[in-house]
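To keep things clear, I will list the structure first and then write my remarks on it.
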Amino acid sequence: MTVARNMVHYIETGSWIRKMFEEGARLKSIHGNDQVFDFSLGNPDIPPPQKVLDTMAELSPIMFHGYMPNAGYPDVRELVAGHASGIYGVHLKAEDIVMSCGAGAGLNVVLKSILDPGDEVIAISPYFVEYGFYVENYGGVLVSVPSDKDFLPSLEAIGKAMTKRTKAIIINSPNNPSGRVYPEDTIRGIQELLEDHPGVIVISDEPYRAIVYDGITVPSVLGIIPNSVVVTSASKELSLAGERIGYIAVNPGIAGKEEFVAALVLATRILGFVNAPALMQKVLAGCLNERVDVSIYRRRRDVMRSIFDSLGVEYALPEGAFYLFVKSPVEDDLVFCSALVAEKILAVPGRGFGHAGYVRFAYCVDETIIQGAAPGLKRAVETCRKL
Ligand SMILES: Cc1ncc(COP(=O)(O)O)c(C=O)c1O
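Pasting the structure below:
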């Protein structure tokens, strides 16, 4: 049996996040869980809201667990549409919603629906590493466009990267790994760029929309860009990453909407997802206004910030999500990561997000881990500064 060449390549060069996570598991087996400070994975550790757990327990014994339409239960799509209309300020109907197995599946379904081989998809670096794999799944080409010094999209750079083959721009705000929230002006600027490119859609990847700090609001891409689609999930907002539930919300004003939605529904089926999980669709529909306690993440963000401030290390200011993207004290982010590993601290090099020279710390870990890591962080930074 031979594994496909590109898969062999992916396995070798694959994901820094997974590599670091596995290194963490190895260190934990040697030194014990409490001696390793693992900031590698964006896996929410806060429990889901109680109502979510209660709804799961209540519904499971009484509901039908069989197949349903590929787009999801009609009543769930209806409820999600009503809820999403409130969030995005556009009138969404059930037919504009396709339930998905999380945002990862939603992105794949959208990309499968729009990409012909050789089509290009622009992503703003730093970006979620899986975008590259997802785009290549359908023969597309990911075009990485650097963000500006504040980790916001550079309209000029996006404009320069657009070609006749550009099919989509993926944006992600609040951003993984920078935590930045893209302001309304930026979204409006992207819409202005698109006026000369009517065949291009914006895919807004928004699993962190509800995890924001200091009263900041995330602008509605659907309200500003007609040719847009939102992909989201309950993975982070409800701490349900393992349950694989989310949805795609299609802008009612998108060109060729009917055919696009038909493609999304078919893609859900033929990619083998078939439909989003039955129980979780119903749970989500019953808990649309629930959220994890964001103040816990905010407190951790502030502890992380104060540690790096005291070390004089720069970082992108996180306005949302639960990541701190820290400037490496030495040019090579891998060198900083190695110095961190020597202190039993796991973080992910920025090159894994298409943005070398930085390192991502996921602070979905207990505050004791953050505090416990502080002396090791200091030593690792000092070691790198001496190089
Ligand atoms: C920016 C971004 N998009 C998508 C995903 C995938 O999330 P899901 O669990 O909903 O598939 C993640 C997960 O970490 C993410 O950070």
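Under the numbering used here, the very last position in the sequence shown is 395; numbers go up by exactly one each time.
The C-beta atom is built at its ideal place from N, Cα and C for all residues, glycine as well.
Since we're looking at a predicted model, the values are computed, not measured.
Consider the C-beta atom of Pro215 and the heavy atoms of ligand 1; say whether any pair is separated by less than 6 Å.
Walking along the sequence shown from the start, residue 215 turns up at place 207. Pro215: yes, Cβ under 6 Å from ligand 1.
I'd like to know if Pro56 contacts chain C, where contact means its C-beta is closer than 7 Å to some C-beta of that chain.
Structure shown: chain C not included; a single protein chain is present.
Tell me the DSSP bridge mates of Ser236?
Here residue 236 corresponds to residue number 228 of the sequence shown, with the count starting at 1. Per DSSP, Val210.
Starting from Val291 and walking both ways along the alpha helix (DSSP H), at which residues does that stretch end?
In the sequence shown, the residue the question calls residue 291 occupies position 283. That run of the alpha helix (DSSP H) goes 286-294.
Would you mind working out which of Asn41, Val389, Ala370, Leu395 sits nearest Ile25, comparing C-alpha positions?
Looking up residue 25 in the sequence shown gives position 17. Nearest option by C-alpha distance: Ala370.
6 Å Cβ shell around Pro293 - same chain, five flanking residues per side excluded
Position 285 of the sequence shown, counted from the first residue, corresponds to residue 293. In the sequence on display, residue 293 carries Ala and not Pro. Excluding positions up to five away in sequence, the list reads Val84, Leu87.
Helix or strand or just coil, what does DSSP make of Thr276?
Numbered from its first residue, the sequence shown carries residue 276 at position 268. Three-state result, Thr276: helix.
Near ligand 1: Gly74 beta-carbon under 6 Å from a heavy atom
As a first step, residue 74 must be located in the sequence shown, where it is residue number 66. False, no ligand heavy atom lies under 6 Å from that Cβ.
Between which two residues does the beta strand (DSSP E) harbouring Met9 extend?
Stepping through the sequence shown from its first residue, residue 9 is reached at position 1. Run containing Met9: none; DSSP gives neither H nor E here.
Under 8 Å, with one C-beta from each stretch per pair, do the segment 294-313 and the segment 128-138 reach the 3-pair mark?
no
Going by the C-beta, is Phe136 closer than 6 Å to any heavy atom of ligand 1?
On the sequence shown, residue 136 is found 128 positions in, with the first residue counted as 1. Yes, since a heavy atom of ligand 1 falls inside the 6 Å radius drawn around the Cβ of Phe136.
Our contact map puts Lys290 next to Leu67 with C-beta atoms below 8 Å; I'd like the distance itself, whole angstroms only.
As a first step, residue 290 must be located in the sequence shown, where it is residue number 282. As a first step, residue 67 must be located in the sequence shown, where it is residue number 59. About 5 Å; that satisfies the 8 Å criterion.
For Phe333, count the other beta carbons within 10 Å of its own beta carbon; 16 or more makes it buried, fewer makes it exposed. Which is it?
Locating residue 333 in the sequence shown gives position 325, where the first residue counts as 1. Counting Cβ neighbours within 10 Å, Phe333 comes out buried, since at least 16 surround it.
Rounded Cβ spacing between Pro234 and Ile262 (contact assumed at less than 8 Å):
Position 226 of the sequence shown, counting from 1, holds the residue named residue 234. Position 254 of the sequence shown, counting from 1, holds the residue named residue 262. That pair is a contact at about 6 Å.
Indicate the three-state DSSP secondary structure (helix, strand or coil) for Ala165 in the structure shown.
Here residue 165 corresponds to residue number 157 of the sequence shown, with the count starting at 1. Correct three-state label for Ala165: helix.
On a CA-only basis, which of Glu203, Val237, Ala242 is nearest Arg215? Give me that one, please.
Along the sequence shown, read from residue 1 onward, the residue named residue 215 stands at position 207. In the sequence as displayed, the identity of residue 215 is Pro instead of Arg. When each option's Cα is compared against that of Pro215, the closest is Ala242.
So, helix, strand or coil for Glu322, using DSSP?
Against the sequence shown, residue 322 aligns to sequence position 314. Reduced to three states, the DSSP call for Glu322 is coil.
The segment 317-330 in contact with the segment 179-188 per 3-pair CB rule at 8 Å:
yes
Our contact map puts Pro191 next to Pro227 with C-beta atoms below 8 Å; I'd like the distance itself, whole angstroms only.
Within the sequence shown, numbered from 1, the residue matching residue 191 stands at position 183. Within the sequence shown, numbered from 1, the residue matching residue 227 stands at position 219. Their Cβ separation, rounded to whole angstroms, is 7 Å, which keeps Pro191 and Pro227 in contact under 8 Å.
What distance in whole Å lies between the Cβ atoms of Met312 and Glu251, which are believed to be in contact at a cut-off of 8 Å?
Here residue 251 corresponds to residue number 243 of the sequence shown, with the count starting at 1. Here residue 312 corresponds to residue number 304 of the sequence shown, with the count starting at 1. Actually they do not touch by this definition, with Cβ atoms about 27 Å apart.
Residue of Met15, Gly114, His91 minimising C-alpha distance to Ala284
The residue you call residue 284 lines up with position 276 of the sequence shown. Considering only alpha carbons, the answer is Gly114.
In whole angstroms, what separates the C-alpha of Phe180 from that of Asn14?
As a working note, residue 180 is residue 172 in the sequence shown. As a working note, residue 14 is residue 6 in the sequence shown. The residue you asked about is not Phe; residue 180 is Asn in the sequence shown. Rounded to whole angstroms, Asn180 to Asn14 spans 26 Å at the Cα level.
Using only the alpha-carbon positions, how far apart do Asp156 and Phe361 sit?
The sequence position of residue 156 within the sequence shown is 148, counting from 1. The sequence position of residue 361 within the sequence shown is 353, counting from 1. Answer to the nearest angstrom: the Cα atoms are 15 Å apart.
Do Asp340 and Arg359 have their C-beta atoms closer together than 7 Å?
As a first step, residue 340 must be located in the sequence shown, where it is residue number 332. As a first step, residue 359 must be located in the sequence shown, where it is residue number 351. No.
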